[in-house]
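Residues in the sequence shown are numbered from 24 upward in steps of one, following the numbering used here.
To start, the structure itself, in structure tokens.
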Amino acid sequence: MTTRRSVLKMLGTGGALAWGGGSLVHAQGNSVTITSLGGKWEQSIREHFIPLFKKRTGAEVRVVLGGPSQWSAQIEAQPNRPPLDAVDNSELLAIALKNKGLVVKLTPDKVPNLAHTPDLFRKPFDDYGASYQDSTSALCRNRHKIPQEAKTWPEFFERAAKGEFGRSITLPDISYPWAPHIIWHFATVLGGGVDNLDPAFEALKKIKPYIVKFWSTALEVGRMVVSKEVDIGYLWDGRITAMMGEKNPTLAFNRPGPNSLVTLSPAQVVKGGNEKLAFEWVNTLLDPEPQLQYYKLINFTPTNSKVIIPDNMKANIMPLNEGVTPPYSELAKVTSRIVDRWNREIRG
Numbered sequence: 024m025t026t027r028r029s030v031l032k033m034l035g036t037g038g039a040l041a042w043g044g045g046s047l048v049h050a051q052g053n054s055v056t057i058t059s060l061g062g063k064w065e066q067s068i069r070e071h072f073i074p075l076f077k078k079r080t081g082a083e084v085r086v087v088l089g090g091p092s093q094w095s096a097q098i099e100a101q102p103n104r105p106p107l108d109a110v111d112n113s114e115l116l117a118i119a120l121k122n123k124g125l126v127v128k129l130t131p132d133k134v135p136n137l138a139h140t141p142d143l144f145r146k147p148f149d150d151y152g153a154s155y156q157d158s159t160s161a162l163c164r165n166r167h168k169i170p171q172e173a174k175t176w177p178e179f180f181e182r183a184a185k186g187e188f189g190r191s192i193t194l195p196d197i198s199y200p201w202a203p204h205i206i207w208h209f210a211t212v213l214g215g216g217v218d219n220l221d222p223a224f225e226a227l228k229k230i231k232p233y234i235v236k237f238w239s240t241a242l243e244v245g246r247m248v249v250s251k252e253v254d255i256g257y258l259w260d261g262r263i264t265a266m267m268g269e270k271n272p273t274l275a276f277n278r279p280g281p282n283s284l285v286t287l288s289p290a291q292v293v294k295g296g297n298e299k300l301a302f303e304w305v306n307t308l309l310d311p312e313p314q315l316q317y318y319k320l321i322n323f324t325p326t327n328s329k330v331i332i333p334d335n336m337k338a339n340i341m342p343l344n345e346g347v348t349p350p351y352s353e354l355a356k357v358t359s360r361i362v363d364r365w366n367r368e369i370r371g
């Protein structure tokens, strides 16, 4: 995929790799090699998902930390001897692995929890992946520095371009795997679309002088928000609400209209790996028991319809009919152009 290669070229190595200790090896025997983002994601994987998986299978779990671009590159580089058995992915990279025949289709007999996972979280990938969580786009802000929220994305860009927020803004960099989705979303709310991305790039160029940093990982946003390095920035609703509370009393968030971008994290079984245990792992990711604990820690909405959300957390969940998802196939066709244009107009 041209986009992935372009992004990896920009990143150099493509991200950090970590195990519970040791280097990347090929999975074999009674163990499964899976992936996880860092921070609270890793914490939840180790505390909530792995214990249930081990209880049911007796198998060991190796965890590779990093990001979707790195993991997909590793799978593509070694298709006959994949270094990963299961992978968490972005939507576009998940579809790319499916189209290249590098992942296996999920079926209810091998992944029983698929039966309780709505179509929205499976069908975009033709069941070659299923998302165990969803998140929606939002703005976090320092309520003391910026008391009035931006109710719409056009309002945010207009106020930012006038310098109202000062040089205190952070937005995602193109190296972030979901950046093409976000640029598409900016284009649509500003009057464009997948065939007309000009509104997004014009708006980004206007506010570039006020950007503290274009972030590559959501962990960076958390650090900048806590350290008061930025006053307003783009982040997923779960990330923000998980940071709010007594430790960050000045932090507020809202989901600007006219809609929010819904993103998924499709989990996939890698072809040629330890497929049997990988199916079991994906089934564990889709299980309502650890999904609920994951939600309590991370605040990203679980996808299994059997999960019962605590009453005190229901208000944080946005109804899916208020969100939008990109036209993935069309977006994939223009992603390389998005990366090239970013490098010329925003990074340069």
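No residue lacks a Cβ here, since even glycine has one placed at the ideal position from N, Cα and C.
Between the Cα of G52 and those of S59, T80, P74, spot the shortest distance and give me the residue it belongs to.
Sorting S59, T80, P74 by C-alpha distance to the C-alpha of G52 places T80 at the top.
DSSP three-state call for A223: helix, strand or coil?
In the structure shown, A223 sits in a helix (DSSP, three-state: H, G or I).
Count Cβ pairs between the region 202 to 213 and the region 222 to 235 that sit closer than 8 Å; are there 3 or more?
In this structure the region 202 to 213 lies against the region 222 to 235, because at least three pairs of beta carbons, one per stretch, are closer than 8 Å.
Given 8 Å as the limit, is there contact between the region 337 to 344 and the region 100 to 119, that is, 3 or more CB pairs closer than that?
Contact fails between the region 337 to 344 and the region 100 to 119, because fewer than three Cβ pairs, one in each stretch, are under 8 Å apart.
For H167, does the count of other Cβ atoms within 10 angstroms reach 16, so buried, or fall short, so exposed?
Exposed, since its Cβ has fewer than 16 Cβ neighbours within 10 Å.
Taking F302 and V134 to be in contact with their CB atoms under 8 Å, please state how far apart those CB atoms are, rounded to whole angstroms.
With a Cβ gap of about 6 Å, F302 and V134 count as contacting.
Tell me the rounded alpha-carbon separation between W238 and W201.
Whole-angstrom Cα-Cα distance: 12 Å.
Can you confirm whether K319, when its beta carbon is compared against all beta carbons of chain B, has any partner nearer than 8 Å?
The displayed structure is made up of one protein chain only, and chain B is not part of it.
According to DSSP, residues forming a beta bridge with K231:
In the DSSP secondary-structure assignment, K231 is not bridged to any residue.
Selected residue, minimal CA-CA separation from P232, among L194, A241, M247:
Closest option to P232, Cα to Cα, is L194.
Over the uninterrupted alpha helix (DSSP H) stretch that includes D260, give me the two end residues.
260 to 266 is the extent of the alpha helix (DSSP H) around D260.
Can D108 and G261 be called in contact, C-beta distance under 8 Å?
In this structure, D108 sits away from G261, with a CB-CB distance that is not shorter than 8 Å.
CA-to-CA distance, K270 to V235, given in whole angstroms:
So the alpha carbons of these two residues sit roughly 23 Å apart.
Sequence-distant residues of its chain with Cβ nearer than 6 Å to T273 (five each side left out):
When the five nearest sequence neighbours on each side are left out, the beta carbons in the same chain lying within less than 6 Å of the beta carbon of T273 are those of N165, R166, H167, in order along the chain.
Can you give me the Cβ contacts of S158 inside the same chain, cut-off strictly under 8 Å, excluding the 5 residues immediately before and after it?
Taken in chain order, the residues that qualify are W259, D260, G261, R262, V285, T286, F323, T324.
Identify whether R360 lies in helix, strand or coil by the three-state DSSP scheme.
When DSSP states are grouped into helix, strand and coil, R360 belongs to the helix group.
Could you tell me if P313 is buried or exposed, where buried requires 16 or more neighbouring beta carbons within 10 angstroms of its beta carbon?
Counting other Cβ atoms within 10 Å of its Cβ, P313 reaches 16 or more and is therefore classed as buried.
Neighbourhood of G62 by C-beta, 6 Å cutoff - its chain only, sequence neighbours within 5 removed:
Excluding sequence positions up to five before and after G62, its CB lies within less than 6 Å of the CB of L242, all in the same chain and listed in chain order.
By how many angstroms is the C-alpha of W207 removed from the C-alpha of G216?
When rounded, the separation of the alpha-carbon atoms in G216 and W207 is 6 Å.
Thinking C-beta only, is L116 closer than 8 Å to P374?
The displayed coordinates of the chain run from 24 to 371. Any statement about residue 374 would go beyond what the structure contains.
Please confirm whether R278 and S160 have their CB atoms less than 8 Å apart.
Yes; because the gap between Cβ atoms is below 8 Å, this pair is in contact.
Compare the beta carbon distance of L308 and A290 with 8 Å and say whether it is the shorter of the two.
The beta carbons of L308 and A290 sit closer together than 8 Å.
From this set, A265, K299, A226, V249, which residue's C-alpha is nearest D132's C-alpha?
Taking the Cα of D132 as reference, the smallest distance to any Cα among A265, K299, A226, V249 is reached at K299.
Could you have a look at I255 and say whether DSSP puts it in helix, strand or coil?
Strand.
For P106 and S46, the rounded distance between their alpha carbons
At S46, the pLDDT of 32 sits below 50, so the modelled position is not reliable and the matter cannot be decided from this model.
If I'm right that F76 touches W304 with Cβ under 8 Å, what's the distance once you round it to whole angstroms?
Yes, they are in contact, since the Cβ atoms of F76 and W304 sit about 6 Å apart, within 8 Å.
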